[in-house]
Amino acid sequence: MAYLELDRVAKQFGAQTVVEDFSLSVGKGEFISFLGPSGCGKTTTLQMIAGFLDPTRGAIRLEGKDLTAIHPAKRGLGIVFQSYALFPHMTAAENVAFGLEMRNVPRNERAERVRAALAMVGLAGYEDRHPRRMSGGQQQRVALARALVIKPSVLLLDEPLSNLDAKLREEMQIELRQIQRTIGTTTILVTHDQNEAMSLSDRIVVMSQGKIEQIGTPQETYERPASAFVSQFLGKTNDFAGTIDRTVAPTQLLAGSWRAPAPAGLGGPVTVSIRPERIGFGDAGLSAKIITRIFQGNHWLFQCDSECGPAIVIRQNDGQAQPAEGDAVRLTWRPEDMSVRARAGA
Amino acid sequence: MSMAAEERSVRAPWALTAPALMLFVGVLLIPLAMTVMLSFHDWGQYKGIEPVFILKNWHEIATDPYYAEMFWRTFRIAILTTLLTALLGAPEAYILNRMDGRWKSFFLLVILGPLLISVVARTLGWALLFGGNNGLVNKLLMSLGVMRSPIPFMFTETGMIIALAHVMMPFMVLSVWAALQRLDPQIENAAMSLGAGPVTIIRRIIMPQIMPGVLSGAIIVFSLSASAFATPAIIGGRRLKVAATLAYDEFLNTLNWPLGAAVATLLLVALVLIVVGSNALIERRYAEVFR
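Heads up: the sequence lines are chains A and B, in that order.
UniProt numbering applies: residue 1 is where the first sequence begins, and numbers increase by one.
UniProt numbering applies: residue 1 is where the second sequence begins, and numbers increase by one.
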């Protein structure tokens, strides 16, 4: 049975629909990311789970109980805010202790749990620091400890890493994942960073304009994007216009001079999506000319002008000779590496 | 950098601030120094001001209980006015801050609007409402039979405190408002998610963070109330004098300028000490919030 369940949840502000028909089942201990550009409704959805906003329609259930009927202060969720929202007039330990104080945890147990929580996030010895005397990363850890110390049923993270610099963000991602694995708290992360979503989550909910585009594991959403939006949003991709010719047998999929047996169930104009690292240079296939070649250490990035429009190709730096700028090449890929969708409006 | 350029760069700040500096020295420092000097001069009914150095005025202020009463009243009124503005102004600013955009700007205008009207006009408004038998409110209440005699407002400390609090309210609201703007917009949600109810949120989370704003507002209101002239002059008149109206009377009615100067100097020194002292205390106490 689902641990946390969102059932056709919708939110409207006046005439504007911010979240539409949002249904999701979260298993206990799962790490879910809401991924999408700003304004896609991911934070609004999080706030409805937290209780800071009431859904216009739909139900949110936690272990079968209606969550929307419970006051936000009684929901027992742990929340880490984008700005951390630490209490600046309290020390790190007082910040972490606040939730326990509200639950009337006895003083001795409280001190012990605060100490353990701060140690867990690597801040042992920082108990008496005030937040404004701490770095962004340290404040982030205090916020995490404050949310986790109350043993929340669900941990909600609202873009918690977006204010950190790139290196620290990567470190925190790894640490966050380890902590979450260790204590097994069901977690929902809101982010606009696809790398963050992919490296942290069990499943990703890709959102656009208030709607769910796709729910799947990081690999599924990357390898088998359900829509053009998902393939564009999750990493780089090449979209080529192709056609499926059913007049010949076996039926053929054509994209420029690249051809392969057509997948079942589609016909006519289609879009062929293929990740740049899945394209290779071969003897037959899409003919293209290399415009620029950029060396990036562990890989080469090629920008090509193909007969189906611009294309990008990424090749591992495996020591093999690579084509130079201006070379005419043939682009080829395995049929199982591409995803094919019916082309709208063609 | 050449010598000439270096010299120029040293002189430039002085040259640029010179006009303002001259104005400051000319209209503030020199008259202030003259007032302090004046307080040591002698004065007699028939001889007028004698430019000598004596401690007569200071001795009189120190020994005559009349002056002690006057200063005690001044500071009592200032303290109570400050308390009243803090008690009303801080919640006012908090409520204002929680309002929706359009209402917020409307009510902000309502609160700040009175600053555009002269203090005299605003205080006279109170006199029109509560001034003796002819005051509008008094007339109404008496004709309805609610009261037999007018509400004691004019020439009372209570009246003075209420009128002063009304005049000073915008300063308190603005000061608390500024502190509220510094709050993390999610801070209340954060406290709520940890299980805090509305009262706890205000008491444990909001209050400690806006306290510096309340206290700096209190310093402004206190110093303005203690040195206020127009409101005490209209509400208190001759019957209920405070330090500022006392100094005024010494200057313009008794013509004992040296004594008036001594009163004014003492008021200034006392205010500076109180303000600087409490400011230092506040900054030490709330170092973490100010950072």
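We put the beta carbon where it would ideally sit given N, CA and C, even for glycine.
Since this is a predicted model, take the numbers as computed values, not measurements.
(1) Taking the runs of the alpha helix (DSSP H) that are 4 residues or longer, which of them lie wholly in the region 82-170 of chain A?
(2) Out of curiosity, what's the CA-to-CA distance linking Glu50 (chain B) and Val120 (chain B)?
(3) Evaluate contact between the region 141-158 of chain A and the region 114-121 of chain A, counting only Cβ atoms and requiring at least three cross-stretch pairs below 8 Å.
(4) Establish whether the CB of Leu194 (chain B) and some CB of chain A are separated by less than 8 Å.
(5) Give the C-beta separation of Tyr94 (chain B) and Leu180 (chain B) to the nearest angstrom, bearing in mind that I take them to be a contact with Cβ-Cβ under 8 Å.
(6) For a test of the three-state rule: what should DSSP assign to Ile312 (chain A), helix, strand or coil?
(7) Closer than 8 Å by beta-carbon distance: list the chain B residues that pair up with Ile150 (chain A), in chain order.
(8) Per DSSP, what kind of secondary structure is Gly195 (chain B) in: helix, strand or coil?
(9) Grouping DSSP H, G and I as helix and E and B as strand, with all else coil, what is Asn256 (chain B)?
(10) Listing by chain order, which chain A residues have their CB less than 7 Å from the CB of Gln186 (chain B)?
(11) How is Lys211 (chain A) classed by DSSP in three states: helix, strand or coil?
(12) Just to confirm before moving on: does the CB-CB distance between Ile235 (chain B) and Thr85 (chain B) stay below 8 Å?
(13) Taking only three categories from DSSP, how would you classify Val206 (chain A)?
(14) Smallest Cα separation from His89 (chain A): which of B:Leu183, B:Val173, B:Ala18?
(15) So, does the region 179-188 of chain A touch the region 150-161 of chain A, judging by three or more C-beta pairs under 8 Å?
(16) Could you give the uninterrupted runs of the beta strand (DSSP E) lying entirely in the region 28-86 of chain B, keeping only those of 3 residues or more?
(17) Report the rounded CA-to-CA distance for Ala328 (chain A) versus Asp305 (chain A), giving the unit in angstroms.
(18) Considering only DSSP beta bridges, list what Val9 (chain A) is partnered with.
(19) Of all Cβ atoms in chain A, is any one closer than 8 Å to the Cβ of Pro19 (chain B)?
(20) Who pairs with Asp249 (chain B) in a beta bridge, going by DSSP?
(21) Taking the C-alpha atoms as reference points, what is the distance between Gln316 (chain A) and Phe31 (chain A)?
(22) Under DSSP, the beta strand (DSSP E) around Lys289 (chain A) begins and ends at which residues?
(23) Taking only beta-carbon positions, decide if Gln209 (chain B) is within less than 8 Å of chain A.
(24) For a cutoff of 8 Å on Cβ pairs, would you count His89 (chain A) as touching chain B?
(25) Establish whether the CB of Ala346 (chain A) and some CB of chain B are separated by less than 8 Å.
(26) Asn97 (chain B) CB to nearest chain A CB: under 8 Å?
(27) At which residues does the alpha helix (DSSP H) containing Pro170 (chain B) begin and terminate?
(28) Give, in chain order, every residue of the region 94-120 of chain B whose Cβ lies closer than 7 Å to some Cβ of chain A.
(29) Only counting the same chain, and skipping five residues up and downstream in sequence, which positions put a Cβ closer than 7 Å to that of Ala346 (chain A)?
(30) By a C-beta neighbour count over all protein chains shown, 10 Å radius and 16 as the cutoff for buried, is Pro131 (chain A) buried or exposed?
(31) Taking the straight line between their C-alpha atoms, what separation do you get for Lys241 (chain B) and Pro232 (chain B)?
(32) Give the DSSP-derived three-state secondary structure of Thr221 (chain A) in the structure shown.
(33) Find out if the Cβ-Cβ distance for the pair Pro213 (chain B), Ala190 (chain B) is shorter than 8 Å.
(34) Express the C-alpha separation of Met168 (chain B) and Leu281 (chain B) in angstroms, rounding to a whole number.
(35) Between Leu176 (chain A) and chain B, is any beta-carbon pair separated by less than 8 Å?
(36) In the DSSP assignment, the alpha helix (DSSP H) including Gln186 (chain B) goes from what residue to what residue?
The relevant details are as follows:
(1) 92-102, 107-120, 136-148
(2) Here residue 50 (chain B) refers to the residue found at position 50 of the second sequence. Here residue 120 (chain B) refers to the residue found at position 120 of the second sequence. Going by the C-alpha atoms only, they are around 35 Å apart.
(3) yes
(4) Here residue 194 (chain B) refers to the residue found at position 194 when the second sequence is read from its first residue. It does: the Cβ of Leu194 (chain B) has a partner Cβ on chain A nearer than 8 Å.
(5) In the second sequence, the residue the question calls residue 94 (chain B) occupies position 94. In the second sequence, the residue the question calls residue 180 (chain B) occupies position 180. Confirmed, about 7 Å.
(6) As a position in the first sequence, residue 312 (chain A) is number 312, starting the count at 1. Correct three-state label for Ile312 (chain A): strand.
(7) Stepping through the first sequence from its first residue, residue 150 (chain A) is reached at position 150. Ordered by position in chain B, the residues that pass the 8 Å Cβ test against Ile150 (chain A) are Leu194, Gly195.
(8) Position 195 of the second sequence, counting from 1, holds the residue named residue 195 (chain B). Residue state, collapsed to three classes: coil.
(9) To locate residue 256 (chain B), count along the second sequence from 1; it is residue 256. Three-state DSSP puts Asn256 (chain B) in coil, outside helix and strand.
(10) Residue mapping note: residue 186 (chain B) aligns to position 186 of the second sequence, counting from 1. Going along chain A in sequence order, the residues near Gln186 (chain B) (Cβ under 7 Å) are Phe81, Ser83, Ala85.
(11) Start at 1 with the first residue of the first sequence, and residue 211 (chain A) comes out as number 211. Three-state DSSP puts Lys211 (chain A) in a strand.
(12) Stepping through the second sequence from its first residue, residue 235 (chain B) is reached at position 235. Stepping through the second sequence from its first residue, residue 85 (chain B) is reached at position 85. No, the Cβ-Cβ distance between Ile235 (chain B) and Thr85 (chain B) is not below 8 Å.
(13) Your numbering for residue 206 (chain A) matches position 206 in the first sequence. Three-state result, Val206 (chain A): strand.
(14) Translated into the one-based positions of the first sequence, residue 89 (chain A) becomes position 89. For His89 (chain A), the nearest C-alpha among the options comes from B:Leu183.
(15) yes
(16) 42-44, 48-50
(17) Locating residue 328 (chain A) in the first sequence gives position 328, where the first residue counts as 1. Locating residue 305 (chain A) in the first sequence gives position 305, where the first residue counts as 1. Those two C-alpha atoms are separated by around 10 Å.
(18) On the first sequence, residue 9 (chain A) is found 9 positions in, with the first residue counted as 1. Val9 (chain A) pairs with A:Phe22.
(19) By 1-based counting over the second sequence, the position of residue 19 (chain B) is 19. Output row for Pro19 (chain B): interface = no.
(20) Taking the second sequence and counting its residues from 1, the one referred to as residue 249 (chain B) is at position 249. Beta-bridge pairing links Asp249 (chain B) to no other residue.
(21) Working through the first sequence from its first residue, we reach residue 316 (chain A) at position 316. Working through the first sequence from its first residue, we reach residue 31 (chain A) at position 31. Those two C-alpha atoms are separated by around 31 Å.
(22) For this step, residue 289 (chain A) is matched to residue 289 along the first sequence. Run containing Lys289 (chain A): 286-295, per the beta strand (DSSP E) assignment.
(23) Locating residue 209 (chain B) in the second sequence gives position 209, where the first residue counts as 1. Yes, Gln209 (chain B) lies at the interface with chain A (some Cβ there is under 8 Å from its Cβ).
(24) Here residue 89 (chain A) refers to the residue found at position 89 of the first sequence. Yes, its Cβ sits closer than 8 Å to a Cβ of chain B.
(25) As a position in the first sequence, residue 346 (chain A) is number 346, starting the count at 1. With a pLDDT of 44 at Ala346 (chain A), under the threshold of 50, the modelled position of that residue is not reliable, and the figure given next carries that caveat. It does not; no Cβ of chain B falls within 8 Å.
(26) As a position in the second sequence, residue 97 (chain B) is number 97, starting the count at 1. No - not a single Cβ of chain A is within 8 Å of the one on Asn97 (chain B).
(27) Taking the first residue of the second sequence as position 1, residue 170 (chain B) is located at position 170. Where Pro170 (chain B) is concerned, the enclosing alpha helix (DSSP H) stretches over 157-181.
(28) none
(29) One-based indexing of the first sequence puts residue 346 (chain A) at position 346. Unreliable positioning characterises Ala346 (chain A) in this predicted model, as indicated by a pLDDT of 44, which lies under 50. A coordinate reading is not provided.
(30) Counting from one through the first sequence, the residue named residue 131 (chain A) turns up at place 131. When all chains shown are included, Pro131 (chain A) counts as buried.
(31) Residue 241 (chain B) sits at position 241 when you count from the first residue of the second sequence. Residue 232 (chain B) sits at position 232 when you count from the first residue of the second sequence. Approximately 7 Å between the Cα atoms of the pair.
(32) For the purposes of this step, residue 221 (chain A) is taken as the residue at position 221 of the first sequence. Thr221 (chain A): helix per DSSP, three-state reduction.
(33) As a working mapping, residue 213 (chain B) is identified with position 213 in the second sequence. As a working mapping, residue 190 (chain B) is identified with position 190 in the second sequence. Before going on, a small fix: residue 213 (chain B) reads as Gly here, not Pro. No.
(34) Taking the first residue of the second sequence as 1, we reach residue 281 (chain B) at position 281. Taking the first residue of the second sequence as 1, we reach residue 168 (chain B) at position 168. Near 23 Å, if we compare the C-alpha coordinates of Met168 (chain B) and Leu281 (chain B).
(35) Residue numbering aside, residue 176 (chain A) sits at position 176 when the first sequence is read from its first letter. Cβ-Cβ to chain B under 8 Å: no for Leu176 (chain A).
(36) Position 186 of the second sequence, counting from 1, holds the residue named residue 186 (chain B). That residue, Gln186 (chain B), is in no alpha helix (DSSP H); it is neither H nor E in DSSP.
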